[in-house]
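Take a look at the structure below.
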């Protein structure tokens, strides 16, 4: 995406000058470090690199600001149970007259975002999802996407209508209708990251190295974490991912429904402001319809 593009009508004004002022005022030990924007397909937070070893993450909108405290509390608790790195917060900034939300300084995690369709990550992703689901859910917050799929029916159908001319809306509707016919999950609640997309994954030397952006994470129906099968994995590797997680047919159909819903809602909303995310949304819809 283009750094600095506004994606929401109520988005805060965030730039290098603001981040430099905030760091200097609240973390004077880091005041002399260079600040550089990080190109990202993320929609809720703006990212800046601070020196060589740190990153500054600022919510763009009020709806994302409430996640700062939850991430600070829960991500460090999850870290020892996971096979890959997660963000390590080292400082929490407070709102000012220039900027209205709490914000975070984390350790910089090296790696690059994977490219959709490139092979090699199915087993690493399955191992991550498996480890996360095994974490004790007691006391954890609710996952941002841990609810029954039917709760998304109205916004999904509105987005399908808004996607006329951008995608095969008739075929998408048929897949969505199929997903809604699947009975809701009845098993115990479990942890889910709830936003496993290429922009929230980092790879190094062909292996999954880190999972970032835990704003939607929490406990609920963990089926949503199957979305990575369509937004990232090539068709030839989906079977290995599914088999490693021992996913039955109904769960797989619900996971496909989640991938469809998220992508078709993103497509018309971000088609002009976030080309990378819109392109991945098109990719997801194409993969789903080809299944």
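Numbering (our numbering), first residue to last: 1 to 291.
Ideal Cβ positions, reconstructed from N, Cα and C, are used throughout, including at glycine.
- Contact annotation: residue 64 and residue 215 have beta-carbon atoms nearer than 8 Å.
- Around the Cβ of residue 110, a 10 Å sphere holds fewer than 16 other Cβ atoms; the residue is exposed.
- Looking from the CA of residue 42, the closest CA among 154, 246, 201, 238 belongs to 201.
- Residue burial annotation: residue 186 is exposed, with fewer than 16 other C-beta atoms found within 10 angstroms of its C-beta.
- Residue 156 and residue 8 have their C-alpha atoms some 19 Å from each other.
- Here the alpha carbon of residue 77 sits roughly 10 Å from the alpha carbon of residue 140.
- The beta carbon of residue 194 sits closer than 6 Å to those of 143, 144, 145, 216, 217, 224, all from its chain and outside the five residues before and after it, given in chain order.
- Following the DSSP letters along the chain, one finds residue 73 in no beta strand (DSSP E) but inside the alpha helix (DSSP H) bounded by residues 67-78.
- With respect to the C-alpha of residue 230, the residue from 97, 61, 115, 18 having the closest C-alpha is 115.
- DSSP places residue 214 outside both helix and strand once states are collapsed to three, so it counts as coil.
- Cβ neighbours of residue 51 within its own chain (closer than 6 Å, five residues either side excluded): 33.
- For residue 128 against residue 84, the beta-carbon gap comes to about 6 Å, under 8 Å, which counts as contact.
- Per the Cβ contact rule, the stretch 234-242 is not in contact with the stretch 157-168 (fewer than 3 Cβ pairs under 8 Å).
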